[in-house]
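For reference, the structure discussed in these notes is given below.
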Amino acid sequence: MAPALLDVPLLDVADLACRRGGRPVFDRLSFALGAGELLALTGRNGSGKTTLLRALALLVRPEAGTILWRGTDVQDDPETWRGRLAWLGHLDGLKGDLTVRENLLGAERLRGRPAADDRLDLALVAFDLNALAHRPVRTLSAGQRRRTALARVLLTQAPLWLLDEPLNALDAPAQQAFRTVLQQHLTHGGLAIAATHADLGVPGARTLELSA
Amino acid sequence: MTGFLALLSRDLRLVWRRPGDVAVVLAFFVVATVLFPLGIGPQANILARIAAGVLWCTALFASMLSLDRLFAADHEDGSLDLLLLAPWPLELAALAKCAAHWIVTGLPLVVLAPLLGVSFGLPPEALIALAAALLVGTPTLSLIGGLAAALTLGARRGGALLALLALPLCVPTLIFGAAAIDTLMTGEDLLAHIAILAALALVALATTPWAMAAALRQAGE
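First to last, the protein sequences are chains A and B.
Count along the first sequence starting at 1, add 12, and that's the number in my numbering.
Count along the second sequence starting at 1, add 2, and that's the number in my numbering.
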């Protein structure tokens with residue numbers, strides 16, 4: 013293998029620009045992320061953290077710029093790119109009438125993968141959801157729902173996590189559980205980009221401050 | 003295909019957990035249809051003549067009733083993002099949603115309509131023609147309705163707008179669907195009308211998923 017290839021970062025974003033309602037949200041945004049790295053997006057409300065996450069997921073069409081994964085433009089093959097992402101929006105994306113377990117299994121099947129019971133059990137344990145596994149999600153508190161949504165992220169085994177305010181509504185033990193899971197994901201070579209106001213407790217995390 | 007079946011079974015399971023939503027639609031169909039014989043009076047020749055048109059129109063209205071929740075529920079709880087991010091074509095996801103809608107509203111209408119046809123004094127062979135025409139025609143209503151639901155997603159007063167968009171597009175299906183039952187009186191070929199209904203369904207199947215996917219991506223921005 014050519015040594016130069018080793019220097020190519022996994023995710024390379026160059027000159028990204030986005031507009032919302034005719035107004036530029038950010039312009040000429042560039043960053044690169046390697047295996048095991050976390051990028052924390054900070055900035056005031058409305059500074060474009062969510063828009064940047066949605067642009068990276070190709071939910072919002074960027075006006076200009078490129079998003080490269082291992083050197084190839086992700087817009088050339090959006091389906092493969094989507095398969096590499098785990099998404100946690102500011103909405104939990106859970107169905108109130110389904111149980112925690114059904115929600116997690118259903119989300120995995122929606123990704124076109126057979127749901128493995130042992131992986132599901134691990135995800136439930138990681139966020140202390142075992143006792144709630146058979147409860148309909150509509151009967152859960154906001155924090156318990158957030159934990160379910162985070163368990164869904166863990167279950168995907170996707171290399172890149174895009175997280176919008178992951179600590180929202182979480183109590184102290186749940187925040188600690190999330191930090192442990194995130195640290196493990198990074199240790200195994202995963203990447204994460206998180207819009208956050210709080211410290212995610214990952215040593216060596218990089219920060220990108222967006223200004224409105 | 004795994005994803006398509008997963009979404010279809012999830013939507014059917016959600017309906018199963020709240021059977022009331024579907025029961026309201028079917029009850030509307032029954033009540034609205036039965037009002038016609040009551041309002042017009044027991045003139046058997048008039049009732050039998052208008053039965054096909056009345057049953058098709060009420061079936062059309064009934065299938066519009068539940069459509070405004072088709073994508074709106076997913077939009078509100080954030081599941082739409084997960085569909086947009088699923089690593090398989092969004093067109094298939096839109097199709098799965100419409101298939102689920104047809105199974106829980108279209109299919110029961112096919113079963114209920116002949117029973118209601120009896121109250122209009124339709125002869126048995128007309129009841130069979132009615133069921134056959136609805137079976138081939140209702141998928142078109144679900145697909146066109148799904149397109150209208152996707153286009154009006156996030157719009158204020160989306161429900162009324164949805165009906166305004168979908169109903170004119172359903173006119174060809176309505177015309178040939180009602181005419182299929184009349185063939186027994188006019189002596190025309192029933193199969194020809196069924197074939198036209200099938201052709202309309204295929205045209206809807208070949209075009210609406212792409213339009214729905216484009217509309218959903220727009221709503222996700």
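For glycine and all other residues, C-beta sits at the position ideal for the given N, C-alpha and C.
Using a Cβ-Cβ cut-off of 8 Å, glycine 213/A does not count as an interface residue toward chain B, since no Cβ of chain B sits closer than that to its own. Per DSSP, the unbroken beta strand (DSSP E) holding proline 36/A starts and ends at 35-45. Check the Cα spacing between valine 120/B and each of Leu218/B, Pro44/B and Leu207/B: the tightest is with Pro44/B.
Between arginine 158/B and the set Leu9/B, Gly5/B and Asp70/B, the nearest pair of CA atoms involves Asp70/B.
Judged by DSSP secondary structure, aspartate 27/A falls within the beta strand (DSSP E) whose first and last residues are 23-32. Residues of the region 117-150 of chain A whose Cβ lies closer than 7 Å to any Cβ of chain B, in chain order: Gly118, Ala119, Arg121, Leu122, Arg123 and Gly124. For arginine 12/B, the nearest CB of chain A lies under 8 Å from its own CB, placing it at the interface with that chain. Shortest Cα-Cα distance from isoleucine 79/A to any of Gly201/A, Leu162/A, Trp173/A and Val25/A involves Val25/A.
DSSP, reduced to helix, strand and coil, places glycine 160/B within a helical segment of the structure shown.
Within 8 Å of the CB of alanine 76/A, no CB atom of chain B is found; the nearest one sits about 16 Å away. In the same chain as leucine 132/A, and ignoring 5 residues on each side of it, the C-beta atoms closer than 8 Å to its own belong to Arg113, Leu116, Leu117, Glu120 and Leu167, in chain order. In this structure, Leu64/A is the residue among Leu28/A, Leu64/A and Gly33/A with its C-alpha nearest to the C-alpha of isoleucine 205/A. The beta carbon of alanine 88/B sits closer than 8 Å to some beta carbon of chain A. The beta strand (DSSP E) runs of length 3 or more contained entirely in the region 69-152 of chain A are, from start to end of the chain, 76-81 and 97-100. Between the beta-carbon of alanine 217/A and that of alanine 69/A there is about 20 Å, and that puts the pair past the 8 Å contact cut. Secondary structure at leucine 212/A: coil, using DSSP grouped into helix, strand and coil. CA-to-CA, the gap between leucine 49/B and glycine 55/B works out to about 10 Å. Pairing glycine 202/A with alanine 44/A, the inter-Cα distance amounts to about 14 Å.
In terms of Cβ geometry, alanine 128/B and leucine 204/B do not form a close pair [threshold 8 Å]. Under DSSP, the beta-bridge partners assigned to isoleucine 205/A are Leu51/A and Leu174/A. Sequence-ordered contacts of the region 173-193 of chain B with chain A are nonexistent [C-beta pairs closer than 7 Å]. Residue contact check for arginine 19/B against chain A: a CB pair falls below 8 Å. Taking 8 Å as the upper bound for CB-CB distance, glutamate 221/A and tryptophan 90/B are not in contact here, some 36 Å apart. In this structure, the alpha-carbon of isoleucine 146/B lies about 33 Å from that of threonine 62/A.
Taking 9 Å as the cut-off between beta carbons, the residues of the region 79-105 of chain B near chain A are Asp79, Gly80, Ser81, Leu82, Asp83, Leu84, Leu85, Leu86, Leu87, Ala88, Pro89, Trp90, Pro91 and Ala95, in sequence order. Residue-level contact check: glutamate 177/A does not touch chain B, since none of the beta carbons of chain B fall below 8 Å from its beta carbon. The C-beta of leucine 16/B comes closer than 8 Å to at least one C-beta of chain A. DSSP lists Thr54/A as the bridge partner or partners of glutamate 221/A. Relative to the Cα of glycine 156/B, the nearest Cα in the group Val113/B, Asp79/B and Leu7/B belongs to Asp79/B.
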